[in-house]
Amino acid sequence: MQFSFARFSYLFKLQLAANRKLYLLSMAAMAGVMLCFMFLSVFTSKNGFQFENQIDFVTVALILSGAFFASLIFTQYGDKDKRIQSILLPVSNAERLAVAVLFVFFLFPIVFLLLYFICIAIVNTVDVQVLGNRNDIYMLGGIEGQYLLMTFGLVQSVALLGAIWFRRFTFVKTIVLVCLTAIFIAGANDVINKVVVKDASAKVAGYHAKVNKLPFPVRYEIVGSSPYRSMRFSGKSEYGYYIDGSSYWLSLPDHQMLFFLIFLGLIPLFFFYVTLAKLREQQL
Amino acid sequence: MIISLQHLHFHYRKAQPVLENVNLSLAPGRIYGLLGRNGAGKSSLLYQLCGLLFPTSGECKVMGYEPAKRLPAFLQQVYLLPESFHLPDMNITQYLRLFAPFYPSFDHDAFKRHLVAFEIPREQSLQALSHGEQKKVLISFALATRAKVLLMDEPTNGLDIPSKRQFRKVIAGCLEPDQCMIISTHQVKDLDSLIDEVLILEGHGILLQESVSRITEKLSFRQVMSLEESEAPIYSEGALKGYVVVAVNRQAEHSRLDMEMFFNAVMVEKEKILSLFQQ
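This is the structure we're talking about:
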């Protein structure tokens, strides 16, 4: 793999200069859309633009707009004339990928969050000072912030691959690909859960009955056990209702969970590798 | 040899072969004219040489590199001027500032000289230029890269008559002994005086590769009032004043190569012409 920082910087400058108008217009459009949505929430919601709504907004907006931006990072490969120029530019594929990663994973979120904080500061001032609502500003902290950055990284790496895998309608096709993958993972996860726990539901039911000295066994089901989360068992009554206080969580010890987190961190690297391979095999 | 193709095969997916068993050796310091009918595979051959397309089988070596690997060191030494192209929305100075650093041997003075020869103002926005003017900027850039292999696909398409003269003048004065230029064109009359060697692509392969001097040694190109005036004519076309004739050059007379006539003669009288050159 060949890599030169000089060529990387030339390519970075070229990418910036060739798209500067598009980027500036997009930033203005993004700020406009953010302000519209935030002010709409401030004036139409009873308690203004609440903290929880800010979390939802920044999560959806960052991930969707980020995926859209990433899916267009190799847009020049979709047009024959531009493709010739791009492929024949004397840079290695590693340098191409590095510039794309810099734009998609670092510059875009920095610019997005900068715009977000400017907009939310303006909106929150109106919300608090003018309308008298008591809303704090969400600063990307807490577990939500960690999940946001993790999901952003994963979605961006898939979108980056989609940008080079598909030549036309890259965003739409990438979104379809992400949805199909998510559906597959959800389906496979459900099956894997059932295979792994086997008759654990019955054991949990027995345990619950013993600990609580209940005279009747409660039927247990796995509920909301998404990948990388603890498995949750909830007890059901004979009439099919979930019973309060009957939930149990099954979690891996921290040192075992670490392996899964490392695996999760490697997924974007896998997508980078496939992106690199696709860049290498680009032809006219 | 700067370019060497051995048993090269190429076809697009689910399609007829475009290139079959192509063997070709090209030397530096020469300008090659690549001729062929529409769809003969001229552009595909150029794309093979710069790594835009990969061979289905066979070997392709350019300056010792395998073009399909597209190593930066290789791409710095190969420049393709495509038939149609897209230039970014910026002026010529910005274009130069952004693209020239990718080519270590880029000659800024030569670029300025070529722009002056083509009468292109330097501060002009690329988008404000006509297609022909944009092409002249790209030709200037291509020559200034000092790439060892220059590939030009229909370079005179879109150029007006004075620009074609400028093009010939610029090209004639800038080829270095270590450079090789391949010009694929249908407008052969524009380039008659430039070409050192003719390559004719036909039937998915190289039908003929001959130097201009050898062609004019074997054949004479003349205009006559009647066909009886010409000895051993191989091919003729009616002209305003009589005929233009391609004949066997038995008298060792000197004539100027008419590339269009030669190409038509090869297409129509393939066997006769090829047998002449095989002698």
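Quick note, the sequences are listed as chains A and B, same order. Heads up, the first sequence is in numbering that gives the first Met the number 0, so the first residue is 0 and it goes up one at a time. Heads up, the second sequence is in numbering that gives the first Met the number 0, so the first residue is 0 and it goes up one at a time. From the three backbone atoms N, C-alpha and C, an ideal C-beta is built for every residue, glycine too.
For PRO16(B), the three-state secondary structure derived from DSSP is strand. Annotated as distal: LEU88(A) and THR169(A), with beta-carbon spacing of 8 Å or more. One alpha carbon belongs to ASP191(B), the other to GLU236(B), and they sit about 18 Å apart.
Proximity of ARG6(A) to chain B, defined by a Cβ-Cβ separation below 8 Å, is satisfied. A distance below 7 Å between beta-carbons, with the five flanking residues on each side excluded, links GLN123(B) to the following residues of its chain, in chain order: ASN90 and ILE91.
Between the segment 169-184 of chain B and the segment 24-42 of chain B there are three or more C-beta pairs closer than 8 Å, enough to call the two in contact. Of the residues PHE101(B), ILE138(B) and MET180(B), the one whose Cα lies closest to the Cα of ILE119(B) is ILE138(B). Collapsing the DSSP output to three states places GLN123(B) in coil. Here the alpha carbon of THR150(A) sits roughly 11 Å from the alpha carbon of GLY264(A).
Look at VAL57(A) here: in three-state DSSP terms it is helix.
The distance from the Cβ of GLU94(A) to that of LEU160(A) is about 18 Å, inconsistent with a contact at the 8 Å cut-off. Taking the CA atoms as reference points, ARG36(B) sits about 22 Å from LEU149(B). For ILE170(B), the enclosing alpha helix (DSSP H) stretches over residues 160-171. In terms of CA proximity to VAL32(A), PHE111(A) leads the group ILE54(A), ILE182(A) and PHE111(A). The closest CA to that of SER43(B), considering only TYR94(B), VAL211(B) and MET151(B), is found on MET151(B). In this structure, VAL245(B) and PHE220(B) form a Cβ contact; the two beta carbons are roughly 6 Å apart against a cut-off of 8 Å. For chain A, the residues of the segment 96-123 of chain B that bring a beta carbon within less than 8 Å of one of its beta carbons are LEU97, PHE98, PRO100, PHE101 and TYR102, in chain order. The closest CA to that of ILE2(B), considering only VAL61(B), GLY38(B), GLY50(B) and GLY40(B), is found on VAL61(B). Ranking GLU209(B), PHE140(B), ILE160(B) and HIS203(B) by CA distance to the CA of ASP195(B) puts GLU209(B) first.
Going by DSSP, HIS10(B) is part of no alpha helix (DSSP H) but of the beta strand (DSSP E) stretching over 2-10. Residues of chain A whose Cβ lies closer than 8 Å to the Cβ of MET89(B) are, in chain order, ALA16 and ALA17.
Among the CB atoms of chain A, one or more fall inside 8 Å of the CB of PRO81(B). Residue pairing from DSSP places ILE181(B) in a beta bridge opposite TYR31(B) and LEU150(B). By the CB criterion at 8 Å, ILE199(B) and LEU34(B) fall inside the cutoff. The beta carbon of GLN165(B) sits closer than 6 Å to the beta carbons of ALA116 and PHE117 from its chain, once the five residues preceding and following it are set aside; these are given in chain order.
Any Cβ of chain B closer than 8 Å to the Cβ of ASP80(A) would place that residue at the interface, and such an atom is present. Look at ARG221(B) here: in three-state DSSP terms it is strand.
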